[in-house]
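Novice: With positions in the sequence shown counted from 1, the corresponding number in this note's numbering is that position plus 828.
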Amino acid sequence: MARVVSTECGKSTVTGKIFGGKKANPERWPWQASLLLNGRHICGATLIDRNWVASAAHCFQRSHSPSDYRILLGYNQLHHPTNYSRQMTVRTVIVHSEYDKQHRMGSDITLLQLHVSVDFNSHISPACVPDSSTVLNTSRTCWISGWGMITEDTFLPRPFQLQEGEVGIIENRFCANFFQPENPSKPSNRDYGIYDDMLCAGNLMEETSICRGDSGGPLVCPVNGKWYLIGISSWSLDCRSPIGPSVFTRVSYFSNWIKENKKITPTPSPSEIPSQGTPPALGSMVSLGTVHRPGACAALVSAQTFLLLLLVPGSL
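(1) Going by Cα to Cα distance, which pick from R914, N911, A885 and T1095 is closest to Y927?
(2) Please work out which residues of its chain come closer than 7 Å, Cβ to Cβ, to F988, disregarding the five sequence neighbours upstream and downstream, and give them in chain order.
(3) Let's test the definition: count the other Cβ atoms within 10 Å of the Cβ of N879 and tell me whether it reaches 16, buried, or not, exposed.
(4) Tell whether a beta-carbon distance below 9 Å holds between D1042 and G872.
(5) Cutting at 6 Å between CB atoms, please list the residues of its own chain near V809, excluding the five before and the five after it.
(6) In chain order, which beta strand (DSSP E) runs of at least 3 residues are fully inside the stretch 912-981?
(7) Between the alpha carbons of S953 and P894, how many angstroms are there, rounded?
(8) Could you say if the stretch 947-961 and the stretch 906-924 meet the contact criterion of at least three C-beta pairs nearer than 8 Å?
(9) Taking C-beta to C-beta, are G1044 and S1074 nearer than 9 Å?
(10) Enumerate in chain order the residues of its own chain whose CB-to-CB distance from G996 is below 8 Å, with the five nearest sequence positions on each side excluded.
(11) According to the Cβ coordinates, are R932 and G1021 closer than 9 Å?
(12) By alpha-carbon positions, which one of E1010, T920 and S1083 ends up nearest to I1058?
(13) Tell me whether E836 is buried or exposed, calling it buried when 16 or more other Cβ atoms sit within 10 Å of its Cβ.
(14) Taking the straight line between their C-alpha atoms, what separation do you get for S891 and R1001?
(15) Using the three-state DSSP reduction, which class does P1073 fall into: helix, strand or coil?
(16) Just to confirm, are L1047 and I972 a CB contact at a threshold of 9 Å?
(17) Let me know the secondary structure DSSP gives F1002 once reduced to three states.
(18) How many Å lie between H924 and S1016 at the Cα?
(19) Would you report the Cα separation of P1108 and L865, rounded to the nearest angstrom?
(20) Are the CB atoms of Q1104 and H869 nearer to each other than 9 Å?
(21) Within the same chain, show all residues whose beta-carbon is closer than 7 Å to that of S935, passing over the 5 residues directly before and after it, in chain order.
(22) Under a three-way DSSP split, which group does E994 fall into?
(23) Check the DSSP bridge columns for Y1056 and list the partner residues they point to.
(24) Excluding sequence positions up to five away, which residues of its chain have a Cβ less than 7 Å from the Cβ of H959?
(25) Using the beta-carbon count (16 or more within 10 Å), is I1086 buried or exposed?
(26) Could you name the residues of the same chain whose beta carbon sits closer than 6 Å to that of C956, not counting the 5 residues immediately before and after it, in chain order?
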């Protein structure tokens, strides 16, 4: 009997190298995508429907030309494509016009329109996009995933197995204490800080965080039986021990922007659709994108001290 694949978003086999992470099983995160620049993995991305993928704006600093990029879907090991793996060409790159303008790393989001609609299967399906009214309980357990470096100095080895990590949401008001202006007497919009268009997550006890190459990838959380793309990997301290919170683009903040851009962007005409090409077996991970990081003096407290502050009422 043929297997029936749901067309709903946010469905996974789930009922944690991301630094401090573990190997992810196939079908676990079917919305996970790899963003290739000129054939090399630079960032993560997330499938949000048949025609669109979301990633981080800072992943596109080298080029805004759609023809320079490819999206890989249905991969668990980037060195070993399977019958489920797909390579997709990009028709449109929409980098948020306010990226890094109002404040450092603000509006760190990009939409990519694919030339060809994706056929869903057990290895490829979209994450749900939250609406602007979505409020996430900070006690909720969420997950990050990606093919980034496994330590500050160590690339993910072949076969480049997708890594995952279990994290918790950290309230912005607590997270803001972790990052302070490099010159407190003269703060500026070039300082790294925590704003409404961002959210923080991490697992400071097990030292789980995003690392180089994870940028643009998903932070997903279960809500009412579905997995929602709550955050897009944006920036962090370096992925050494001790680990601090990772900072993500808050997707619900941009839900109307996502809807509007999808609505006003024309669909591709059949005459402009290029060959999608054979899904490649990647042989190197040396061209990874950057996870932006504050200067060394921007951290106010160590991870251990931060944990103690969280546990002591009124300390923050």
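Glycine included, C-beta positions come from ideal geometry on N, C-alpha and C.
The structure displayed is predicted, hence computed values, not measured ones.
Specialist: Straight from the coordinates:
(1) Numbered from its first residue, the sequence shown carries residue 927 at position 99. The candidate whose alpha carbon is nearest that of Y927 is A885.
(2) Position 160 of the sequence shown, counted from the first residue, corresponds to residue 988. For F988, where only same-chain residues beyond five positions count, the Cβ hits under 7 Å are Q905, L906, H907, W975, L1110 and M1113.
(3) Mapped onto the sequence shown, residue 879 falls at position 51. Buried, because 16 or more other Cβ atoms sit within 10 Å of the Cβ of N879.
(4) Position 214 of the sequence shown, counting from 1, holds the residue named residue 1042. Position 44 of the sequence shown, counting from 1, holds the residue named residue 872. Taking 9 Å as the Cβ cut-off, D1042 and G872 qualify as a contacting pair.
(5) Residue 809 cannot be examined here, being either before or after the span of the chain that is shown, 829 to 1144.
(6) 914-923, 938-942 and 969-974
(7) By one-based count along the sequence shown, residue 953 stands at place 125. By one-based count along the sequence shown, residue 894 stands at place 66. Looking at the two C-alpha atoms, the distance is approximately 22 Å.
(8) yes
(9) The residue labelled residue 1044 in the question sits at position 216 within the sequence shown. The residue labelled residue 1074 in the question sits at position 246 within the sequence shown. No, they are not a contact pair.
(10) Working through the sequence shown from its first residue, we reach residue 996 at position 168. The residues are T966, S967, R968, T969, C970, A1029, G1030 and N1031.
(11) If you number the sequence shown from 1, residue 932 lands on position 104. If you number the sequence shown from 1, residue 1021 lands on position 193. Going by C-beta atoms, R932 is nearer than 9 Å to G1021.
(12) The sequence position of residue 1058 within the sequence shown is 230, counting from 1. It is S1083 whose Cα lies nearest to the Cα of I1058.
(13) In the sequence shown, counting from the first residue as 1, residue 836 sits at position 8. So E836 ends up on the exposed side.
(14) Taking the first residue of the sequence shown as position 1, residue 891 is located at position 63. Taking the first residue of the sequence shown as position 1, residue 1001 is located at position 173. Distance between the alpha carbons of S891 and R1001: 35 Å.
(15) Counting from 1 along the sequence shown, the entry for residue 1073 is found at position 245. DSSP places P1073 in coil when its eight states are reduced to three.
(16) Taking the sequence shown and counting its residues from 1, one reaches residue 1047 at position 219. Taking the sequence shown and counting its residues from 1, one reaches residue 972 at position 144. Yes, Cβ-Cβ distance for L1047 and I972 is below 9 Å.
(17) In the sequence shown, the residue the question calls residue 1002 occupies position 174. Looking at F1002 - three-state DSSP - the assignment turns out to be helix.
(18) Locating residue 924 in the sequence shown gives position 96, where the first residue counts as 1. Locating residue 1016 in the sequence shown gives position 188, where the first residue counts as 1. H924 and S1016: Cα-Cα distance of roughly 21 Å.
(19) On the sequence shown, residue 1108 is found 280 positions in, with the first residue counted as 1. On the sequence shown, residue 865 is found 37 positions in, with the first residue counted as 1. Roughly 13 Å separates the two Cα atoms.
(20) Here residue 1104 corresponds to residue number 276 of the sequence shown, with the count starting at 1. Here residue 869 corresponds to residue number 41 of the sequence shown, with the count starting at 1. For Q1104 and H869, no; Cβs fall outside 9 Å.
(21) Along the sequence shown, one-based indexing puts residue 935 at 107. Result list for S935: A885, H924, E926, Y927 and D1025, in chain order.
(22) Translated into the one-based positions of the sequence shown, residue 994 becomes position 166. Looking at E994 - three-state DSSP - the assignment turns out to be strand.
(23) Walking along the sequence shown from the start, residue 1056 turns up at place 228. BP columns for Y1056 point to C956 and C1049.
(24) Here residue 959 refers to the residue found at position 131 of the sequence shown. The identity of residue 959 in the sequence shown is Asp, whereas the question assumes His. So the list reads S1080 and S1083, once near-sequence residues are dropped.
(25) As a first step, residue 1086 must be located in the sequence shown, where it is residue number 258. Buried, because 16 or more other Cβ atoms sit within 10 Å of the Cβ of I1086.
(26) Stepping through the sequence shown from its first residue, residue 956 is reached at position 128. Excluding residues within five positions, the ones whose Cβ falls inside 6 Å are C837, G838, K1054 and Y1056.
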